[in-house]
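Below: the structure, in structure tokens.
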Amino acid sequence: MPEVSKMKKPDVKVVILGDTSVGKTSLLHRYTERKFRDTISTVGGAFYLKQWGPYNISIWDTAGREQFHGLGSMYCRGAAAIILTYDVTNWQSLAEIEERFLSLTDTANNDCIYAIVGNKADLTDPQAQLTVATDGLTDDQGEGGEQRMKLQVPPACPTPPASPASPSSLLKQVGHDEATALYGRILRYKGLDEKSSLPADRMCFETSAKTGYNVDALFETLFDLVLPSILRKRNENQWSPTVDLEDYREANGKRRGCC
Amino acid sequence: MSVKAFELVPAVERDLLMGDKARINVECLECCGKHLYVGTNDCFVHHFLLEEVPSPKGRIAYVAQKLQQKYLGLKKPVAELRAASALERLIVLCDGVLFLVDMATLETVPSATGSGGARIKGVTSFCMNGNPVNADPFCVEIAVISSRRRTVQVYTVFEDRVQLVKEVTTTEQPSVVSLDGYFLCLALASQYMILNYTTGASQDLFPYNSEERRPIVKRIGREEFLLAAPGGLGMFANAEGVSQRAPVNWSERVIGAAVCFPYVVALDQDFISIHSMLDQQLKQSLAFRDGHILQDFEGKVVLASTKAVYILVPLPLEQQIQDLLCGDRVEEALVLTEGAQPNIPRDRFQILHRRILQQAGFIQFGQLQFQEAQEYFRKGELDARELISLYPLLLPPTSSFTRCHPPLHPFADLNHLAQGDPGKVLRCKRFLISYLGTVRGTEASRVCREEVDTALLKLYAEQDHESLLDLLASDNTCLLADSAPWLEKHSKYFALGLLYRCNGQDSAALQLWIRVVDGELQDSTRPDLYEYIVDILTFCPDLDLVWRYSDWALKRDPKVGVQIFTKRSAGKDQSGQPKPDDVITYLEKHSHARLFYLEHLVLERRVQKEKFHSLLAVLYLEQVLSLLGGSRPPAPDQLSHARDRLQALLRESNLYRVQLLLDKMEGCDQLLLEQATLHGKLEDHGKALDILVHQLRDYGSAEAYCLWASSSSTSSSRQHLLHLLLDLYLDGGAGERAGDLEMAAVDLLNRHGDQFDAVRVLSVLPEGWSLQLLKPFLGRAVRASVHAGRTSRLALGLSRAENLQLLHDRLKERRKPILVSEKRGCHLCHNTFSCPDVVCLPGAVPVHTHCIAHRLSDSAPNTHADSAPDKHSTQNSNHT
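If you're matching them up, the sequences are chains A and B in order. Quick note: the first sequence uses numbering that gives the first Met the number 0, first residue 0, plus one each step. Quick note: the second sequence uses numbering that gives the first Met the number 0, first residue 0, plus one each step.
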């Protein structure tokens, strides 16, 4: 029950950022509840605690609305991973990442990991429609001419890359290469060396919260990548020469986590 | 929505404060224990004693008694009031001046001489440190926002003076301040920030336009603040500038907010909204007009409109949870319970939590959500009897169980719950079966094992469940007295018998089953129940029981019934087993069974006891005789089968009393073959063969008799028998039979030619027989004779050769000296020789004379050694 875990101290923070209506809440919901549900516009923010092995990972779902923009940097403070989300059918949502959300990440950890996620892939990509039965939302066989991310494609998926271009391909406004280019710019913004950082094709995802396509892959890849961050954080705490008498609660939590 | 978490209770009515003076308003509040101070816009401070009065309905009411009111003499509104109870002082902000007032008298405290005084001027707002850094209990720390200089000052307040600790400047003019330890949380004109006043380190939180909307900075716990955020949010932030709780969504025009765990209470002009910090949902909304102030004092939430004071009384957590459960809002109730864990003592929480889980389980159960229900029951460690007691008649009347009070659920019983829907009842029963199945054997159900097992038994019986027998076959604690009528009702007699046996009442079980087998009771659980009973009796160690019920089993089917005795273990330990003699006596009445038992003893177990063999032979014989003497001619195969058995026994056994049987057969000319066998057993072969040849005229049998009678002895006795038979054939007398006998004689000779003494045969054969007739016999006889002659010659030759060899050896030995010294050892005893008298074995091996004498006396007597006094000895025996 997530209710119980809310009382636990999280070890690490993952924040989902992105423009309004790109599907941040739906992504989180798909991952945590394993289903797709109509959501209303998030007010302020919400968070979910995920047990990942012995660790507690808090995942913050932020509000995309301009109104709550000011809160973003607070959410990002101390984050170990940030998921920058856009809508593959909306070019502006990708642009917003750079214009509005990138600066919010200044408060994140220095070694924060960034993932670029294009959601709503089911609208453009036939592969992304496979996970659930069609419920009439779309019959379009989007044929994105772009390179597909072979990395995250489940091997069981039959790939029809050569399907004839249909008018619905217009839907796809953001290609994978644009996302990888953005990733490169983010690294430069952060002053990170592209060679020593995680490669773009690993950190750019296309997902569908509606069908569940690539959603688990996204979160689990990130969780695995933030593990070193958790360990480092714990080690720092353990090696701290100061005895914090009031910090007994946290210390208990840590001991529990180890066993 | 709509949990009733709080109740709004009036504390101080308008007439106690300002009566009908319309222009006088409440400006600020302070509550310290039972003392309530109210500051008004006409510069008065009112002091009330607030008594909590429990009303008959269990609700709380407040009665305010006005102790005092004091005019502070500044003609301006009293802006803020804070109590420092340890100092007995009220800190008052009025007209930009902060000063101290005695809590009891409300007199302004004069400044102590020469210590900077007890006043601070130019103050717009102040707050007290909720987490003081100063260890002195007789001082308080305050943070003050100065009206002019974009500065925040931190003071220590003593009984009669204030002392500046630190002054920090801010980038913008602050409007609201809160202090926790060294951390100042400030609302600036355009944003919130955290400022550490000792290090000067600051942390921007988020932008907020303080001019547009009234900022709120509320310390809610250690280093954690609740802030009004854009978009009508209540944001949480800790001293590091990190939000650890999700924000709540209250309204845009919030005037005041407070935390009363696990709720965030916020006041705007028309409503009090109550959100849960656990799931961020709005839980309650109370209309409140002219809302003006909302503050919490030591956990007590006090509100004021412009004219009156109210207290927001939290309903007991249990009641809130029960309200939620009443509305079937299980999840929320659990969230609330678990969220409240830190505020409840551990043991009380466990009891409460368990109870809530159990109730939640029953709610899910009532909605037939069995999977969820089971999970809650498991987590809540439900006493299985609570659930069992819902099902009519499942709890044994002897059970001491009474349902938990207050009840965990509103259901009287299953019928009430299912409202007569048989489908639902059935599903509930199936659930109980699976639930009890999982509960059974766990530590938690140890106290009610009997109830669980009995209930399970009843359900299985009623539902015709296959696990009924498994339950009874395993270690169980089903109550017999309660279960027996139930099993009878459902015709589960086999199961009932098993239950009897579980309770050590084998006799009752057998009686019941016998009635089932006899068709008195109907239960088709085991079509082979009869065999099952026999099996039980077979392995039953209680011989009384065996004697008592075997009679019935044998009557029903002697062949199967006798297994009670025949299949009993024939191991070494026969102490607990019935004695064969007793069994035979017991079986007197059951002749078939007795026969089977004897066959078992004699033929299978090969018991070598004359009594059994004789008895069996007699019984066989009687059977044959009865078949022969019967009124109707017996079926031929029946007779031949009976005779075969008799004959086989007569032939193979050597233990029965021959004469007894012979006497019994006396005069029965249909059993000649048997008689012949018996005579044979008496070594009276002449008589036997005479019967076979002359009475029975069965030459084949006669011949077989010869072979059988001599099968265990030497060939000479066989020859003797064959000659006897031949003689019988040859002096067969006259008449037409002579020819038959002659033919039989010829056949006998021709078949066994090599076994006869040919010379004797030839001397007795009639002269007239043709050579042709006897050719096979003669051929064989001659061949045998030649063979014997040649074999003898060969043996002779070999013996001669051996003799020659021995002679040769003897010569060789004689020529060689044999050395005997004191250093050589005897080959037999390995001791050295002490005297010259030795015996020499072949191969020149010297041994002691006494050794060889000893050896020879032990072994074959026809060998001997020859000792020679001249130290040379030799052995001339045939020993090699």
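Glycine included, each C-beta is placed from N, C-alpha and C at the ideal position. For clarity, every value in this text was computed on a predicted model and none was experimentally measured.
Task: Coil, strand or helix - residue 249 of chain B by DSSP - done: On the second sequence, residue 249 of chain B is found 250 positions in, with the first residue counted as 1. Looking at residue 249 of chain B - three-state DSSP - the assignment turns out to be coil, as it is neither helix nor strand.
Open item on the list: DSSP three-state label for residue 180 of chain B, please.
Closed with: The residue you call residue 180 of chain B lines up with position 181 of the second sequence. Residue state, collapsed to three classes: coil.
- [ ] List the residues of chain A that residue 234 of chain B touches, going by C-beta distances under 8 angstroms, in chain order.
- [x] Numbered from 1 along the second sequence, position 235 holds the residue referred to as residue 234 of chain B. Correct list: 43, 70 and 73.
Task: Span of the alpha helix (DSSP H), counted from its first residue to its last, around residue 543 of chain B - done: Taking the second sequence and counting its residues from 1, one reaches residue 543 of chain B at position 544. Element bounds for residue 543 of chain B: 542–555.
TODO: Using a cut-off of 7 angstroms between C-beta atoms, extract the partners of residue 76 of chain A located in chain B.
DONE: Start at 1 with the first residue of the first sequence, and residue 76 of chain A comes out as number 77. Per Cβ cutoff of 7 angstroms: 240 and 241.
- [ ] State the start and end residues of the unbroken beta strand (DSSP E) segment that holds residue 93 of chain B.
- [x] Numbered from 1 along the second sequence, position 94 holds the residue referred to as residue 93 of chain B. From DSSP, the beta strand (DSSP E) with residue 93 of chain B extends over 88–93.
Task: Closer than 7 angstroms: residue 182 of chain B CB and nearest the ligand MG heavy atom - done: The ligand MG is absent from the structure shown, which contains no ligands of any kind.
- [ ] Output, in sequence order along the chain, the residues in the region 45–58 of chain A whose CB is closer than 7 angstroms to any CB in chain B.
- [x] 45 and 46
Open item on the list: If you reduce the DSSP assignment to three classes, tell me which class residue 411 of chain B lands in.
Closed with: Start at 1 with the first residue of the second sequence, and residue 411 of chain B comes out as number 412. Coil, per DSSP.
Task: Run of the alpha helix (DSSP H) containing residue 838 of chain B, from where it starts to where it stops - done: The sequence position of residue 838 of chain B within the second sequence is 839, counting from 1. Counting along the chain, residue 838 of chain B falls outside any alpha helix (DSSP H), though it belongs to the beta strand (DSSP E) covering 837–840.
Open item on the list: Report the CB separation of residue 206 of chain B from residue 189 of chain B in whole angstroms; it is logged as a contact under 8 angstroms.
Closed with: One-based indexing of the second sequence puts residue 206 of chain B at position 207. One-based indexing of the second sequence puts residue 189 of chain B at position 190. Correct: roughly 6 angstroms between the Cβ atoms.
Open item on the list: Once the 5 residues before and after residue 505 of chain B are set aside, which same chain residues still bring their CB inside 8 angstroms of it?
Closed with: As a working note, residue 505 of chain B is residue 506 in the second sequence. Cβ within range, chain order: 499, 535, 539, 541 and 544.
TODO: List the endpoints of the continuous alpha helix (DSSP H) containing residue 118 of chain B.
DONE: For the purposes of this step, residue 118 of chain B is identified with residue 119 of the second sequence, where counting begins at 1. Taken as a continuous stretch (DSSP letters only), residue 118 of chain B belongs to no alpha helix (DSSP H), as it is neither H nor E.
Task: One or two residues paired with residue 845 of chain B in a DSSP bridge - done: The sequence position of residue 845 of chain B within the second sequence is 846, counting from 1. Partner(s): B:839.
- [ ] Thinking residue 87 of chain A and residue 172 of chain A are a contact (beta carbons under 8 angstroms), I'd like their distance in whole angstroms, please.
- [x] Working through the first sequence from its first residue, we reach residue 87 of chain A at position 88. Working through the first sequence from its first residue, we reach residue 172 of chain A at position 173. Right, the Cβ-Cβ distance comes to about 7 angstroms (below 8 angstroms), so this counts as a contact.
Open item on the list: Cβ closer than 9 angstroms: which chain B residues qualify as neighbours of residue 91 of chain A?
Closed with: As a working mapping, residue 91 of chain A is identified with position 92 in the first sequence. Per Cβ cutoff of 9 angstroms: no residues; residue 91 of chain A is ~22 angstroms from chain B at best.
TODO: Rounded to whole angstroms, what's the CA-CA distance from residue 152 of chain B to residue 192 of chain B? Just pull it up for me.
DONE: As a position in the second sequence, residue 152 of chain B is number 153, starting the count at 1. As a position in the second sequence, residue 192 of chain B is number 193, starting the count at 1. So the two alpha carbons sit approximately 16 angstroms from each other.
Task: chain A within 8 angstroms of residue 0 of chain B, Cβ atoms only - done: Start at 1 with the first residue of the second sequence, and residue 0 of chain B comes out as number 1. Only weak support is given to the placement of residue 0 of chain B: the predicted model assigns it a pLDDT of 49, under 50, and the value that follows is read from those uncertain coordinates. Cβ-Cβ to chain A under 8 angstroms: no for residue 0 of chain B.
Open item on the list: Per DSSP, what are the beta-bridge partners of residue 101 of chain B in this structure?
Closed with: Numbered from 1 along the second sequence, position 102 holds the residue referred to as residue 101 of chain B. DSSP, once it has assigned bridges, lists B:88 as partnering residue 101 of chain B.
Task: Rounded separation between residue 154 of chain B and residue 288 of chain B - CA only - done: Locating residue 154 of chain B in the second sequence gives position 155, where the first residue counts as 1. Locating residue 288 of chain B in the second sequence gives position 289, where the first residue counts as 1. Using only the alpha carbons, I get a separation of about 37 angstroms.
TODO: Would you mind reading off the limits of the alpha helix (DSSP H) that contains residue 489 of chain B?
DONE: Here residue 489 of chain B refers to the residue found at position 490 of the second sequence. Per DSSP, residue 489 of chain B belongs to no alpha helix (DSSP H) and is neither H nor E.
Open item on the list: Here's the rule: buried if 16 or more other CB atoms are within 10 angstroms of the residue's CB, otherwise exposed. What is residue 673 of chain B?
Closed with: In the second sequence, the residue the question calls residue 673 of chain B occupies position 674. Residue 673 of chain B is buried by the Cβ-count criterion.
Open item on the list: At the 8 angstroms Cβ level, is residue 10 of chain A part of the contact set with chain B, yes or no?
Closed with: Taking the first residue of the first sequence as position 1, residue 10 of chain A is located at position 11. No, because no Cβ of chain B sits closer than 8 angstroms to the Cβ of residue 10 of chain A.
Task: Chain-ordered neighbours of residue 172 of chain A on chain B, where CB pairs are closer than 8 angstroms - done: The residue given as residue 172 of chain A occupies position 173 in the first sequence. Correct list: empty, because the minimum Cβ distance to chain B is about 29 angstroms.
TODO: Please decide whether residue 19 of chain A counts as near chain B, where near means a Cβ-Cβ distance under 8 angstroms.
DONE: As a working mapping, residue 19 of chain A is identified with position 20 in the first sequence. No, because no Cβ of chain B sits closer than 8 angstroms to the Cβ of residue 19 of chain A.
Open item on the list: At the 8 angstroms Cβ level, is residue 66 of chain A part of the contact set with chain B, yes or no?
Closed with: Stepping through the first sequence from its first residue, residue 66 of chain A is reached at position 67. Interface residue, yes.
- [ ] Might you give, ordered along the chain, the residues of its own chain that have their beta carbon closer than 8 angstroms to the beta carbon of residue 626 of chain B, omitting 5 neighbours on each side?
- [x] Along the second sequence, one-based indexing puts residue 626 of chain B at 627. Excluding sequence neighbours, residue 626 of chain B sits near 633, 637, 638 and 641.
- [ ] May I have the straight-line CA-CA distance separating residue 718 of chain B from residue 709 of chain B, to the nearest angstrom?
- [x] For the purposes of this step, residue 718 of chain B is taken as the residue at position 719 of the second sequence. For the purposes of this step, residue 709 of chain B is taken as the residue at position 710 of the second sequence. Whole-angstrom Cα-Cα distance: 9 angstroms.
Task: Neighbouring residues, chain A, relative to residue 372 of chain B (Cβ below 7 angstroms) - done: On the second sequence, residue 372 of chain B is found 373 positions in, with the first residue counted as 1. In chain order: nothing, as chain A lies at least about 15 angstroms away.
Task: Proximal residues to residue 652 of chain B (C-beta, below 6 angstroms), its chain only, five neighbours per side dropped - done: As a first step, residue 652 of chain B must be located in the second sequence, where it is residue number 653. Cβ within range, chain order: 612.
Open item on the list: Could you compute how far the alpha carbon of residue 600 of chain B sits from the alpha carbon of residue 655 of chain B?
Closed with: Numbered from its first residue, the second sequence carries residue 600 of chain B at position 601. Numbered from its first residue, the second sequence carries residue 655 of chain B at position 656. Going from the Cα of residue 600 of chain B to the Cα of residue 655 of chain B covers about 14 angstroms.
Open item on the list: Please report the straight-line C-alpha distance between residue 409 of chain B and residue 451 of chain B, rounded to a whole angstrom.
Closed with: Taking the first residue of the second sequence as 1, we reach residue 409 of chain B at position 410. Taking the first residue of the second sequence as 1, we reach residue 451 of chain B at position 452. Each residue's Cα considered, the two are about 22 angstroms apart.
Open item on the list: So, with DSSP's three-state summary, where would you put residue 464 of chain B?
Closed with: Counting from one through the second sequence, the residue named residue 464 of chain B turns up at place 465. Reduced to three states, the DSSP call for residue 464 of chain B is coil.
Open item on the list: Alpha carbons only, please: which of B:209, B:185, B:831 and B:398 is nearest the one belonging to residue 201 of chain B?
Closed with: For this step, residue 201 of chain B is matched to residue 202 along the second sequence. With distances taken between Cα atoms, residue 201 of chain B lies closest to B:185.
Open item on the list: Taking only three categories from DSSP, how would you classify residue 218 of chain A?
Closed with: Along the first sequence, one-based indexing puts residue 218 of chain A at 219. Here residue 218 of chain A sits in helix by DSSP.
Task: N-terminal and C-terminal residue of the beta strand (DSSP E) that residue 514 of chain B is part of - done: Looking up residue 514 of chain B in the second sequence gives position 515. Element bounds for residue 514 of chain B: not the beta strand (DSSP E) but the alpha helix (DSSP H), 505–516.
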